[in-house]
Amino acid sequence: MTLSNLTSRIPGFHRMTTAERLEAVAAFSGLDEASVAQLGAPGNIDAHLADHMIENVVATLSIPVGVATNMRVDGRDVLVPMATEESSVVAAVCNSARQCYDAGGFTTSVSGNLMIAQVQLTGVTDPEAARLRILERCDEIAAICDGCDPMLVRLGGGFRDLEVRVLPTRGGPMVVTHLIVDTRDAMGANAVNTMAETLAPSIEGWTGGRVLLRILSNLADRRLARARATWPLDAIGGAAVRDGMVSAYHFAEADPYRAATHNKGIMNGISAVVLATGNDTRAVEAGAHAYAARHGRYTSLTSWEVTADGSLAGSIELPLPVGLVGGATKIHPTARACLKILGVSTAAELARIIAAVGLAQNFGAMKALATTGIQKGHMALHANNVAIAAGAVGEEVPRLAALLVERRQVRQDVAAAELERMRAG
Ligand code: NAD
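Heads up, the sequence shown is in our numbering, so the first residue is 7 and it goes up one at a time.
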């Protein structure tokens with residue numbers, strides 16, 4: 007087949023087995039045998055499960071799971087599994103947590119398990135009256151929502167509150183209903199989406215308008231997790247380091263260009279735990295960044311201050327809609343095992359630990375940036391990846407990585423040349 011004959015229209019692709027799909031992909035892309043074998047290799051979920059989780063599966067992708075040590079959260083020592091492809095992330099949490107361990111570690115809180123579902127109503131000529139007509143039906147709405155999920159209600163969750171806003175838009179006013187639902191130990195997207203969809207015809211009936219979108223908001227600002235910790239001056243390494251870190255925070259707080267990277271670092275830690283526990287990384291990322299911009303300007307998710315005795319106090323607050331049930335949490339065997347490592351029994355406990363990890367990550371990144379720079383520690387770990395990419399195996403990896411770091415040349419070309427020299431002599 008010539009390149010021009012290749013077509014991405016593959017009838018019945020979704021009905022094929024995983025192996026058949028891989029064969030079709032290999033033929034389309036001209037994959038070599040090694041690539042086909044790699045994609046076909048079993049990971050730590052079997053092909054059958056993977057095939058049921060998403061569509062058109064051809065392979066699984068394994069990501070390393072590291073465990074962060076030194077974490078003490080609300081007086082309990084906890085080991086935290088983190089799934090990430092990025093070097094330095096786990097080490098940063100371990101180091102930062104060690105430096106506040108003796109001072110008590112992390113203290114956390116949550117605002118509750120409340121998720122928000124939105125129902126968009128258009129085409130009403132009297133939006134203010136429509137708003138009140140919806141609010142008047144609060145009890146009826148509660149019954150409709152709770153009727154969608156008797157199991158959730160049995161577990162103590164369900165409809166909690168109603169908010170209706172008239173939203174001016176370039177397409178005219180819309181009446182936006184927020185269903186506020188306690189989803190207990192589930193992230194709750196499916197739960198609240200079902201409620202919003204079920205309620206829609208009633209809202210149309212009460213108002214004469216037309217409902218369009220019915221879906222949760224990822225700005226889960228009623229499901230906040232918070233963490234704070236204090237790092238004593240001697241653990242940080244002195245006033246100059248502390249003041250440099252506070253200045254780094256002031257920079258992030260004032261400048262969205264810096265805040266984006268500051269928060270990205272925080273999410274390095276947060277997303278790694280979210281992923282390890284089978285939760286939805288995109289939902290948490292979207293919520294975090296939207297929350298960081300809630301006052302109209304994107305800013306830092308953390309705050310840093312100097313305490314009366316000169317210590318450094320850090321705090322973080324962000325939406326953390328994560329679950330112990332629902333989505334992949336219960337069906338991915340590695341996620342289930344990671345939850346066992348954490349030893350949590352509620353989604354709120356998980357959210358608290360994740361917030362603490364985000365704060366620890368931020369401490370580590372700011373300290374590195376305000377002192378030696380991020381590259382020193384990062385490159386030492388990254389050198390392993392460069393060595394492996396250059397073809398080093400076994401014992402060669404640490405030897406070559408150490409050489410690259412010592413020469414301050416963590417580069418692919420240097421690694422290849424040095425590996426050749428190592429092997430030759
Ligand atoms: P789910 O529907 O799989 O499970 C939740 C249900 O489990 C509840 O409705 C309840 O009936 C039951 N349940 C059993 N034990 C429970 C307990 N202890 N606490 C609470 N509920 C319990 O999952 P979900 O949490 O509703 O939805 C999460 C999934 O939705 C994720 O996979 C996410 O990726 C996906 N999703 C996300 C978005 C988004 O973020 N925009 C949109 C759609 C879907």
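Each residue gets a CB set at the ideal place from its N, CA and C atoms; glycine is no exception.
Nothing here was measured: the structure is a model prediction, and the numbers come from that model.
Classify residue i: buried if its beta carbon has 16 or more other beta carbons within 10 angstroms, exposed otherwise.
i           : result
residue 263 : exposed
residue 280 : buried
residue 378 : exposed
residue 8   : Interpretation of residue 8 is limited by its pLDDT of 49, a score under 50 that renders its predicted location unreliable; the figure taken from the coordinates is listed afterwards. It counts as exposed.
residue 38  : exposed
residue 323 : buried
residue 284 : buried
residue 189 : buried
residue 338 : buried
residue 412 : exposed
residue 414 : exposed
residue 355 : buried
residue 62  : exposed
residue 175 : exposed
residue 373 : buried
residue 313 : exposed
residue 448 : The displayed coordinates of the chain run from 7 to 431. Any statement about residue 448 would go beyond what the structure contains.
residue 60  : exposed
residue 332 : buried
residue 1   : Because the chain is modelled from 7 through 431, residue 1 falls outside the range shown and cannot be assessed.
residue 244 : exposed
residue 11  : exposed
residue 192 : buried
Can you tell me the Cα-Cα spacing of residue i and residue j, whole angstroms?
i           : j           : result
residue 2   : residue 148 : Because residue 2 is not part of the residues shown, which for the chain are 7 to 431, the question remains open.
residue 424 : residue 47  : 31 Å
residue 34  : residue 13  : 8 Å
residue 274 : residue 177 : 38 Å
residue 44  : residue 222 : 38 Å
residue 129 : residue 166 : 27 Å
residue 326 : residue 144 : 27 Å
residue 224 : residue 289 : 6 Å
residue 257 : residue 392 : 32 Å
residue 252 : residue 385 : 25 Å
residue 158 : residue 417 : 54 Å
residue 111 : residue 94  : 21 Å
residue 309 : residue 228 : 20 Å
residue 187 : residue 163 : 7 Å
residue 329 : residue 230 : 13 Å
residue 68  : residue 49  : 6 Å
residue 88  : residue 341 : 10 Å
residue 311 : residue 250 : 12 Å
residue 271 : residue 70  : 18 Å
residue 266 : residue 233 : 20 Å
residue 124 : residue 366 : 34 Å
residue 299 : residue 291 : 13 Å
residue 211 : residue 155 : 23 Å
residue 72  : residue 360 : 15 Å
residue 196 : residue 286 : 12 Å
residue 363 : residue 138 : 43 Å
residue 135 : residue 203 : 22 Å
Using DSSP's beta-bridge definition, name the partner residues of residue i.
i           : result
residue 310 : 320
residue 127 : 181, 217
residue 212 : For residue 212, which the question treats as bridged, DSSP gives no partner whatsoever.
residue 171 : 182
residue 165 : 187
residue 95  : In DSSP, residue 95 forms no bridge with anything.
residue 325 : 230
residue 121 : 187
residue 222 : 123
residue 331 : 192
By the DSSP assignment, the alpha helix (DSSP H) with residue i in it spans what residues?
i           : result
residue 145 : 144-154
residue 248 : 245-260
residue 429 : 418-430
residue 293 : 287-298
residue 404 : 402-412
residue 346 : 339-348
residue 193 : Where residue 193 is concerned, there is no enclosing alpha helix (DSSP H), given that its DSSP letter is neither H nor E.
residue 359 : 353-376
residue 41  : 39-46
residue 398 : Residue 398 -> no alpha helix (DSSP H), and no H or E assigned at all.
residue 12  : Residue 12 -> no alpha helix (DSSP H), and no H or E assigned at all.
residue 52  : Per DSSP, residue 52 belongs to no alpha helix (DSSP H) and is neither H nor E.
How far does the beta strand (DSSP E) with residue i in it extend, from its first residue to its last?
i           : result
residue 83  : 82-89
residue 116 : 112-116
residue 24  : Residue 24 -> not in any beta strand (DSSP E); alpha helix (DSSP H) instead, spanning 24-35.
residue 4   : This structure does not reach residue 4, given that the chain is present from 7 up to 431, and the question cannot be answered.
residue 236 : 230-237
residue 315 : Run containing residue 315: none; DSSP gives neither H nor E here.
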